[in-house]
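Using this note's numbering, the first residue of the sequence shown is number 5, and each one after it goes up by one. Below is one structure, written out as structure tokens; comments come after it.
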Amino acid sequence: MPVVNKEEPGLDFEGNERWVLTTKLPLRDMHGTVIGLVGVGRDITENRFAEQRLAEERNLLRALIDNLPDYVYVKDLEGRFLLVNNLVLQTFGAGDESEFIGRAVHDVIPAALAESYTADDEAVVQSGQPLLDRESKVAHPATGEDMWVSVTTVPVRDQQGQIMGVVGIARDITERKRADEALRRAHDELELRVEARTADLMRVNEQLQAEIAERQRAEEALWQRQRALETLLETSRDIAGLLDLDELLRLIAQRVIALLDADEFTLFRLQEGGQELRPVLAVGEYANEMMAHVLQVGQGITGYSVAHNEPVIANNAQNDPRAAQVSGTPEQEQEHLLVVPLSFRGRMTGAVLINRLRKPPFTQDDMHLLAGLAQHVAIAVENAGLYEQTQQRAAQLATMNEIGRAVSSQLDRGTIFEVIYRQLQRSLPLDAFAIVLYDAERDRLTYPLVYEAGQRYDEPPRPLAQDPHTARAISESAPQIVHRKPEEYLAVKPAHPLGNPDRSSASFMVAPLQLGDRVIGAISVHSYAPNAYNNDQLTLLNGVAHQAAIAIENARLFEETRQHAAQLSTSNEIGRAISSLLDIEGVLEVIYQQVQRILPLDAFFIGLYDPETDQMSFPLLYDSGARYDQTPMPVEPHTLVGRAVESGTPQMLNRTRADFARLQPEYRVGDTSKPSASLMCAPLKIGARVIGVISTQSYAFDAYTENHLRLLSDVATQAGIAIENARLYEEARQRAAELSTPE
């Protein structure tokens, strides 16, 4: 099948993203048989990126139009609506834009209002000139009350300059007209009073001065409102075009401080769970102190504003009973606060707090202005936050892919652990890190990799119950995220700390290492900072844990296979070596040398058992590389040697630190000053008869596994036969020598 005009992504030689428009056709011979492929491709990268930029610009323009405080609409030459903003929809009670688009003005708005707008549109279309700031009195569509609007209508032209429609912007100027009307009436009344009360000229003059002052105040207020609206529009345009959260927040702070003559600005965001207000930006003399000022909803003036979803003016805040003192700041006289809550689509998202020191108090106009700005701030912050989350998710996916590629190519568990740590260190706030492996048979945890503040720690095994958060993640097979309060991580030290016992994590996450229904361990990351992690980061850690579990299991299986092969090879090598020897001393030395190569050991002995005396002699004993002469010792039933002799089965003991502390020196051999932490003992047998034991010991905890014990048991089987053969050979040689000696 041919492929025509298919857009395909790709990379150029420098690794840059490119888009190609391709057409691929089958190449046929004269019999119609496909003998090849013909492909034509055209680089459309610039067109593709231009379309993306155009879409972004349309979205930004639409966001600006929908958030303007004016009525905005676009109509074609037939008077049909092509675009209306949210204010038009809200005013006329429309559910969505589809109730306007494509419909004539008379179909959707009252007749009187439609006639007025239609006449303006036709005048603009006929003249080709814009109609600016045309004021008219109309009935409010929702309430029916009189209202004044200032309408600007401009023609929209196509690329050839032909008029294809009109754009209309209407502004509600009712309040201004009412003020003008009131001023006019006041002026007329004043004139009448002057004429009627000539005798009382001084009093009338004072009234006139007062009226003039009031007019000046009204004009000043009007000018201030105009300036505020211009600043609001400018801020809306700026924040709509920014997606960098830090830059956006600082721009907002600068504009608010300049617009309202404030000294300090703090933006709080409501954290997940909806009970904690955490500052994300503070500007002013005490910015550092404000950034540490975490509030609960309802706490302080800011918490009160959010709890009641209403703006709050607190002039002379030091006397306000709702006020909460900010730690590290002095009590201020004549400090005025203004707080406005932030909400997005009916959901509370935070608050803006500004203050003035030794300046005029805040007014209702200030509050309305900040409230109007807060609506745009909430939208912009939410959009920037969503963009930031998208970027973080993309980075997290890249990290998971990179970790997956790295660990899937490794078969050494230590290398896998280090790769996971290094990659997560780049992607998450991380002060401490641990990989934990779970031994279900012993119900205990081991810690093959623990880092804190860049330093690696060796941690002993511990029962599962001593690590409750890891235990919960393992038992529930679910990741956990924990944010601790300051009183929890500053005052209370954990009973069984990992890493540095003097530091305590304020935030940490734990994800189980899971293979099907079986959990083999966990990964945990820790931060000293409170509230350092979110659910997206927990998802990342859980994804990494799934990849790590597979890689760790593969490495374990590979290591077991490799060890098994090495054990078989070593066992064969030992068999060949000792089978050719007939002197018992040589047999014992060969056994020691070979076992030393394949097993971790610090001490080693071969003991020969005399059942008549119930004693064990030690023809070969090494400890820390030195050979010792050891006198025979009775076989005690409660010892590892005693159990091996009595049962005829191999024995293993990995002592705990508690066991280690209670050891008694009576039954030690070799260097009796150093007790062993890990021990194995396998019987030397001829048939069912035990002729001795072979034992390896280590000073390290948990040095031996069942695989080690099986290997030692295999060696003991061969060693028993070789020792018995050497003994029989020696007896035969001595008997022959005795017979050859004449009497």
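Cβ atoms here follow ideal geometry from the backbone N, Cα and C, with glycine treated the same way. Bear in mind the structure is a predicted one, so any value in this text is a computation, not a measurement.
Boundaries of the alpha helix (DSSP H) harbouring residue 115: 115–131, taken from the DSSP string. When secondary structure is reduced to three states using DSSP, residue 290 falls in the coil class, being assigned neither helix nor strand. Ranking 689, 663, 628, 507 by CA distance to the CA of residue 649 puts 689 first. When only Cα atoms are considered, residue 309 and residue 201 end up about 52 angstroms apart. Excluding its 5 nearest sequence neighbours in each direction, residue 604 has C-beta neighbours in its own chain below 6 angstroms: 702, 707, listed in chain order. The criterion of a C-beta distance shorter than 9 angstroms is not satisfied by residue 537 and residue 548. In this structure, DSSP gives residue 308 a helical state, which the three-state scheme calls helix. Shown here, residue 149 sits in coil according to DSSP, grouped into three states, outside any helix or strand. Beta-bridge pairing by DSSP links residue 45 to 26.
Using a 10 angstroms sphere on the CB of residue 17, the tally of other CB atoms stays under 16, which defines it as exposed. Between the C-alpha atoms of residue 252 and residue 260 there is a straight-line separation of about 12 angstroms. Counting along the chain, residue 425 sits inside the alpha helix (DSSP H) bounded by residues 417–431.
With contacts defined as CB atoms closer than 9 angstroms, residue 125 and residue 79 qualify as a contacting pair.
Taking C-alpha positions only, residue 123 is separated from residue 67 by approximately 29 angstroms.
Approximately 14 angstroms separates the beta-carbon atoms of residue 588 and residue 698; this is outside 8 angstroms, ruling out the contact. Just so you know, the alpha carbons of residue 143 and residue 114 end up roughly 9 angstroms apart. Between residue 290 and residue 343, the CB-CB gap reaches or exceeds 9 angstroms. The alpha-carbon of residue 297 is positioned some 43 angstroms away from that of residue 88. The shortest CA-to-CA distance from residue 172 to any of 145, 327, 92 is the one to 92.
Of all C-beta pairs linking the segment 340–359 to the segment 267–276, three or more are shorter than 8 angstroms, placing the two stretches in contact.
In the displayed model, residue 628 falls within coil according to three-state DSSP, outside both helix and strand. Spatial neighbours of residue 314 in its own chain (CB-CB distance under 8 angstroms, excluding positions within 5 residues in sequence) are listed in chain order as 345. Of the residues assessed, residue 481 falls on the exposed side of the cut-off, its CB having fewer than 16 other CB atoms within 10 angstroms. Classified as buried, residue 643 has 16 or more neighbouring CB atoms from the shown chains inside 10 Å of its CB. At a Cβ-Cβ threshold of 9 angstroms, residue 167 and residue 86 do not count as neighbours. In this structure, residue 686 keeps its C-beta atom at 9 angstroms or more from the C-beta atom of residue 730.
Of the other Cβ atoms in all chains shown, 16 or more fall within 10 Å of the Cβ of residue 431; this residue is therefore buried. Fewer than three beta-carbon pairs drawn from the segment 293–307 and the segment 415–434 are found closer than 8 angstroms, and the two stretches are therefore not classed as touching.
By the 16-neighbour rule on beta-carbons within 10 angstroms, residue 599 is buried.
In this structure, residue 473 lies away from residue 511, with their beta-carbon atoms at least 9 angstroms apart. For residue 687, the enclosing beta strand (DSSP E) starts and ends at 682–690.
Per DSSP, the beta bridge partners of residue 637 are 620.
In the three-state reduction of the DSSP assignment, residue 710 falls in the helix class, which pools H, G and I. Close CB contacts of residue 256 within its chain, under the 6 angstroms cut and outside five residues either way in sequence, are with 381 (chain order). By alpha-carbon distance to residue 445, the top candidate from 458, 522, 426, 452 is 522.
The beta carbon of residue 370 lies closer than 7 angstroms to those of 264, 342 in the same chain, with the five residues before and after it left out.
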